[in-house]
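Protein chains in written order, with my numbering: chain A, 578 to 696; chain B, 1197 to 1698; chain C, 50 to 198.
Single-structure report; data block below.
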Amino acid sequence: MTVEVELALTVGGLYAAGLYMVLRRSIVKLVIGLALLGHAANLLIFTMGGLVRGQPPLMHPWDTRLWGRFADPVPEALILTAIVIGFGVQAFAIVLIKRIYLDMGTEDLRELQSTDITP
Amino acid sequence: MNNALPLVIAIPMITAVISLLGRHRPGMQKGVGLAGSLALLSTSIAILAGVLLEGILSVQIGNWPAPYGITLVADVLSSLLTLVAAVVVLLVSIASWTEIDPDRVAFGYHPLLHILTMGICGSFLTGDVFNLYVWFEVMLISSFVLLGFGGERAQLEGTTKYVTLNLLSSTLFLAGIGVLYGTFGTLNMADLALQLRGPTHAHLAETLATLFLLAFGIKAAVFPLFFWLPASYHTPPVPVSAVFAGLLTKVGIYALVRFFTLIFSGDAAVMHRIILVLAAFTMVVGILGALPQRDFRRIVSFNLISHIGTLLVGLGIFTPLALAGTVFYLMHDIVTKTCLFLFTSIVQRLGGCADIGKLGGLYRSHPFMALLFLLAALSVGGIPPLSGFWGKLILVQAGIAEKEYWLVAAVFGAGFLTLYSMSTLWSEVFWKDRPEAIGDPECECVGRTFLPLSLVTPIGILVFLIVVMGIWPSPFFHLAELAARQLSDPQMYIQKILQGKP
Amino acid sequence: MIGRAFGLSCEGCHMFSIVLATATRFLLPLLLLLSVYLLVRGHNEPGGGFVGGLVAASAFSLYMIAFDVEKTRRLLRAEPRALVGAGLLVALGSAGVSPVLGKPFMTGVWLERTLPVVGKVGTPFLFDVGVYLVVVGVCLMILLTVAEE
């Protein structure tokens, strides 16, 4: 039972850390913050899916169905998909940071406002 | 007929793969893109016909039964939007022949455009919440690259804002999915709708509804969450921003309509109230933002935001007539916004820049293009007998029927301001004389008069559609009404997918 | 870029570690074999196209760190984008078998007879092969693009 509480606290901590990082001025920290928020959401799915210890949902070849208590494989599949997507997005974000740094010589978000300013 | 549904996803994918494999041959990419878009168009016409003849179509991917496997569903709304999306993609891919520079084509513009199409069509057709998330991400990742590649300074800045807010929205969406699955143990939309009919989880349902409203609200650029849109949509090449403006925000609207008619419709009266207020603010604030702008695409961007609000009005009022208004306005809005954004290309070619203060006199040199723009602009402004008028008329009727007079006032106010904004655009760019002393090196190529046929034809077709929807609205309204009837009575949808199980 | 992050190269020169290079020559075929093993056992046991693809991609990235980007490209022969395209086509082809037989899209179709080594062969296995190719392609595309500059 306690594992749920610990995981819930971890999820909260990750959200807090992620939000804090997103609000910083550096783009690198922004991307780290977004990654943390993604991890928080994944862990949230994992916790909400219900925790079952040491019962993988694997069948023996001679069984026709799963017996007894077993872990729900759906949240894990969802998380795996979300992690893969997050991996792709973060790879893109890192290339973007690099381009911005090479082109403008800065990673300060306050200096990236030319598209916001109303002429 | 049911087996045609996966084709809508498979065709853009095959198109993308073939043009990825032949990415050093631009000529072949054009041909493949055209063929793929035409195939998609004909498939979506067939699906719409099938839905009208046989009712809701659905297929279980991998033959796994309903609440467990992934469902693809086409009701009237989905198939209608797929059809409009196919039209837009076809026209934009033709316009890209001349409007995208060879560097971007070599980088993989065409494959990315078709992957984006795959994401959009997938989002329209899926009947599973997590699958919707996956299609959203397919759409987002390709749109990130489309927005950022080419690497001009403004593009990189715009992409940063776009990526940040859209990733934030995806995170919220994902968290919502987690809570949804943890609570109800299912992610099939029809099954969720059934489970949420019971009064057991009323408070949790409201929390979840808020989470999804936030997530989709960011994607759709609803009032307090729209700031990424005007910061990014004017930066990429014109065909890219045309397809973004036409389709991406509308996918957010589609998701809101689907969720708030099917899943959160029972005791979520509060949510519909909130949506109404947000709609009014989006309409008014969006169009007020357009007034001080001087850049052609930024003005159109703010107009786009304002009309996102108009689209939400129907969802907020939530009567069959109002939903029909939303569906009709959705068709109109996709067509007109794509058209207006494509016009930027014309203006940039003829005038050399997009700053309306420095432009002028295009009516004298190109009266036909000026006429086409005038038709599109008046339609956005809601002047009869063009398509925008009928959409607004239905929404206003529905508002008066429900005695939401303040909302009707907001629709009218935003409508007048839109008309003002559009007529400013027309008179500044086309009507007034070109200012004499420019002295700006960016506005140099004034004398260019050549307009490629591959750019004028798509715009001509879009304006033709606007006029047809305006003077002959009854078949379109009939379709919108059918879609609204299915949306306001989700029982059919649920039964079709769960096959009368519970 | 990646190499620099690991302290293995610097501006204009490439630091060559003979220990790593020699180890990589032995490890690369082993890792590739492992990746294929993971791919094949994937249907009923832990493993599969995704994990296999990641192992294969990491084998190539090890090679990239030990030698350089040019050599890795030569070793790979195919362009990563072509791998992605081929993988998507294979996956889509496997999904398209069942509609031909009159079943819904992506329904698993299995061969009656089992093959030696591989075991039962069916469209889910083909799909996994497609996933394998896409994962290798995408990972190497990202790594090589970032490392090249």
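Backbone N, C-alpha and C fix where the C-beta goes; we use that ideal spot for every residue, glycine too.
From the options, residue whose alpha carbon lies closest to that of residue i
| i | options | result |
| --- | --- | --- |
| V1283 (chain B) | B:L1589, B:I1655, B:S1575 and B:I1590 | B:I1655 |
| T1379 (chain B) | A:G626, A:G590, A:S691 and A:A612 | A:G626 |
| V1285 (chain B) | B:L1273, B:I1296 and B:I1316 | B:I1316 |
| P1426 (chain B) | B:L1603, B:L1683 and B:Y1358 | B:Y1358 |
| S1561 (chain B) | B:L1574, B:I1542 and B:G1578 | B:I1542 |
| V1280 (chain B) | B:L1658, B:D1685 and B:I1690 | B:L1658 |
| L1751 (chain B) | B:R1630, B:V1531 and B:L1517 | Nothing in the structure corresponds to residue 1751 (chain B), since chain B is present only between 1197 and 1698. |
| E94 (chain C) | A:A654, A:L584, A:H616 and A:P638 | A:P638 |
| P1261 (chain B) | B:T1239, B:T1382, B:A1680 and B:K1533 | B:T1382 |
| Q1256 (chain B) | C:F75, C:L193, C:V195 and C:A144 | C:A144 |
| A1682 (chain B) | B:L1253, B:I1207 and B:V1272 | For clarity, residue 1682 (chain B) is Gln in the given sequence; the question names Ala instead. Of B:L1253, B:I1207 and B:V1272, the residue nearest in Cα terms is B:V1272. |
| V180 (chain C) | A:T624, A:F623 and A:V661 | A:V661 |
| L1312 (chain B) | B:S1289, B:L1249 and B:S1623 | B:S1289 |
| V651 (chain A) | A:G595, A:D640, A:A668 and A:L628 | A:L628 |
| L175 (chain C) | C:G98, C:T73 and C:F75 | C:G98 |
| R1493 (chain B) | B:S1617, B:V1325 and B:S1319 | B:S1617 |
| A1606 (chain B) | B:A1520, B:S1619 and B:L1484 | B:L1484 |
| L607 (chain A) | A:M598, A:T641 and A:L614 | A:M598 |
| L1507 (chain B) | B:V1439, B:P1435, B:A1411 and B:G1611 | B:G1611 |
| E688 (chain A) | B:L1538, B:V1664, B:A1350 and B:A1441 | B:A1350 |
| F1440 (chain B) | B:D1387, B:L1343 and B:L1392 | B:L1343 |
| L1558 (chain B) | B:V1592, B:N1499 and B:S1623 | B:S1623 |
N- and C-terminal bounds of the alpha helix (DSSP H) containing residue i
| i | result |
| --- | --- |
| E119 (chain C) | V118 to L125 |
| L87 (chain C) | I67 to R90 |
| A1262 (chain B) | It is not in any alpha helix (DSSP H) - A1262 (chain B) carries neither H nor E in the DSSP assignment. |
| R6 (chain C) | As shown, chain C starts at 50 and ends at 198. That puts residue 6 (chain C) outside it, with no answer to give. |
| F1585 (chain B) | S1583 to A1597 |
| K1446 (chain B) | T1445 to R1454 |
| L1657 (chain B) | Checking the sequence, you will find Ile at residue 1657 (chain B) rather than Leu. From DSSP, the alpha helix (DSSP H) with I1657 (chain B) extends over L1649 to I1667. |
| W1627 (chain B) | That residue, W1627 (chain B), is in no alpha helix (DSSP H); it is neither H nor E in DSSP. |
| G98 (chain C) | G98 to A115 |
| H1674 (chain B) | S1670 to S1684 |
Those residues which DSSP pairs with residue i across a bridge
| i | result |
| --- | --- |
| V1288 (chain B) | Answer is none; V1288 (chain B) lacks a bridge partner. |
| T1532 (chain B) | According to DSSP, T1532 (chain B) bridges with nothing at all. |
| T163 (chain C) | C:K169 |
| D685 (chain A) | A:S603 |
| N1384 (chain B) | B:D1324 |
| D1551 (chain B) | B:D1491 |
Sequence-distant residues of its chain with Cβ nearer than 7 Å to residue i (five each side left out)
| i | result |
| --- | --- |
| M1209 (chain B) | M1314 |
| L643 (chain A) | P634 and M636 |
| E60 (chain C) | Reliability fails at E60 (chain C), whose pLDDT of 46 lies under 50, so the model's placement of it is uncertain and no value is given. |
| T587 (chain A) | L620 |
| K1226 (chain B) | W1293 |
| V146 (chain C) | V158 and T172 |
| P1698 (chain B) | At P1698 (chain B), the pLDDT of 44 sits below 50, so the modelled position is not reliable and the matter cannot be decided from this model. |
| L132 (chain C) | L182, V185 and G186 |
| C62 (chain C) | The predicted model places C62 (chain C) with a pLDDT of 48, which falls under 50 and marks its position as unreliable, so this point remains unresolved. |
| V605 (chain A) | I674 and E684 |
| I1495 (chain B) | A1486, Q1489, S1617 and L1621 |
Residue i, enclosing beta strand (DSSP E) - first and last residue
| i | result |
| --- | --- |
| A1270 (chain B) | T1267 to A1270 |
| V1255 (chain B) | L1253 to Q1256 |
8 Å CB neighbourhood of residue i in its chain, flanking five on each side removed
| i | result |
| --- | --- |
| F55 (chain C) | The pLDDT assigned to F55 (chain C) is 45, lower than 50, so where the model puts this residue is not dependable; a value taken from the coordinates is nonetheless given after this. The residues are I114. |
| A70 (chain C) | A115 and F116 |
| L80 (chain C) | V104, A105, S107, A108 and L111 |
| N1199 (chain B) | V1255 |
Neighbourhood of residue i by C-beta distance below 6 Å, restricted to the same chain and skipping five residues each side
| i | result |
| --- | --- |
| D685 (chain A) | R602 |
| V1754 (chain B) | Nothing can be reported for residue 1754 (chain B): it is not among the residues displayed for chain B, which extend from 1197 to 1698. |
| G1512 (chain B) | H1468, I1471, L1472 and A1475 |
| V68 (chain C) | none |
| P1222 (chain B) | V1301 |
Where residue i meets chain E, residues with beta-carbon distance less than 7 Å
| i | result |
| --- | --- |
| I191 (chain C) | Here chain E cannot be found, since the structure's protein chains are A, B and C. |
Tell me whether the region 1209-1219 of chain B and the region 130-141 of chain C touch, counting them as touching only if at least three CB pairs, one residue from each stretch, are closer than 8 Å.
yes
If you pair each beta-carbon of the region 639-650 of chain A with each one of the region 1332-1344 of chain B, do three or more pairs fall below 8 Å?
no
Does the region 1550-1564 of chain B come close enough to the region 1585-1596 of chain B that 3 or more CB-CB pairs lie under 8 Å?
no
Determine contact between the region 1359-1376 of chain B and the region 1319-1335 of chain B, defined as no fewer than three beta-carbon pairs at a distance below 8 Å.
yes
At a cut of 8 Å, does the region 670-679 of chain A reach the region 98-114 of chain C through at least three beta carbon pairs?
no
Report yes or no: do three or more beta-carbon pairs, one from the region 1430-1448 of chain B and one from the region 1574-1581 of chain B, lie closer than 8 Å?
no
Counting beta carbon pairs with one atom in the region 1521-1539 of chain B and one in the region 1670-1680 of chain B, are three or more of them shorter than 8 Å?
yes
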